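In this note's numbering, the protein residues as written are 8 to 270.
Where is the CB? At the ideal position from N, CA and C, for every residue including glycine.
Since the structure is predicted, the reported quantities are computational estimates derived from the model, not experimental observations.
Written out as structure tokens, the structure reads:
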């Protein structure tokens, strides 16, 4: 009888020992997985380009229900009325970010190839920043018009801005997409205007699902919010609503473009 009890005790000890090893292995494996995931919260950067101030203001009233945050990349600020400047300030006061998009919305690479990067900076960036500053906008980020950029323009503009946004296109599989934050100060957004060949709300939701699971930040850009799109550079409100609703329902975060800096 004693021998049997002694054997059972050894068996129990052995099982406990193996169990501890298994728990330790699982714990270490979990830590390894966690270390490969970003420490920041999954989310989306919504950027809206150009000078559609009235439409942005209308969209903001609708999307407030989703506690959204966006980055408005303003071009041609020198041509905007005092009333529109005031509306942009209201958007900023709500919690949105105001970014630069060029004084005259000029293609940076085409202009720089002909005139040099310094000339582009002096004509498009410096005067834009002066007007922004005069209106108490402290601009820290910039979206390239037409997404046109290269290493030379990046190098020069990063002396002025913390984050630059280019563009990318196509309905690639999420793991092959470039429209996620890439731990760089130069990022790429995917357009959600209805006229783009890759336009698909279900595809955008697929990208958001991927961002949620992989702890990534999806970067999107739009232009003029409308109820029904009938021209280029128009984003239907339903598209914005579907995106914002997914972000809110899945406890993801709305990031402003400047929040990507040193994330």
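Can you list the beta strand (DSSP E) stretches of 3 or more residues lying completely in the segment 130 to 206, in chain order?
You should have 148 to 150, 170 to 175 and 193 to 198.
On the DSSP bridge list, what partners appear for residue 229?
DSSP, once it has assigned bridges, lists 55 as partnering residue 229.
Could you name the residues of the same chain whose beta carbon sits closer than 6 Å to that of residue 251, not counting the 5 residues immediately before and after it, in chain order?
Cβ within range, chain order: 70, 73 and 75.
What separation, rounded to the nearest whole angstrom, lies between the Cα atoms of residue 30 and residue 202?
Legend: pLDDT at residue 30 = 46, less than 50; position of this residue unreliable, no value from coordinates given.
Which residues mark the beginning and the end of the alpha helix (DSSP H) in which residue 5 is found?
No answer is possible for residue 5: it lies beyond the span of the chain, which begins at 8 and ends at 270.
Checking the sheet assignment: what are the DSSP bridge partners for residue 106?
DSSP lists 80 as partners of residue 106.
Residue 244: which of 96, 65 and 238 sits nearest, CA to CA?
Selected option, being the one with the closest Cα: 65.
Would you check if the distance between the CB atom of residue 199 and the CB atom of residue 229 is smaller than 8 Å?
Cβ distance < 8 Å, so residue 199 and residue 229 count as in contact.
Distance, Cα to Cα, residue 178 vs residue 126?
For residue 178 and residue 126, the distance between alpha carbons rounds to 36 Å.
With a cut-off of 8 Å on the beta carbons, I'd call residue 215 and residue 253 a contact; round off their distance for me.
Indeed they touch by this definition, with Cβ atoms about 5 Å apart.
How should residue 48 be labelled, buried or exposed, when 16 other C-beta atoms within 10 angstroms of its C-beta is the threshold for buried?
Per the 10 Å Cβ criterion, exposed.
So what does DSSP say about residue 262, is it helix, strand or coil?
Residue state, collapsed to three classes: strand.
Kindly indicate the opening and closing residues of the alpha helix (DSSP H) around residue 246.
244 to 256 is the extent of the alpha helix (DSSP H) around residue 246.
Compute the Euclidean distance between the alpha carbons of residue 128 and residue 164, then round it to the nearest angstrom.
Residue 128 and residue 164: Cα-Cα distance of roughly 8 Å.
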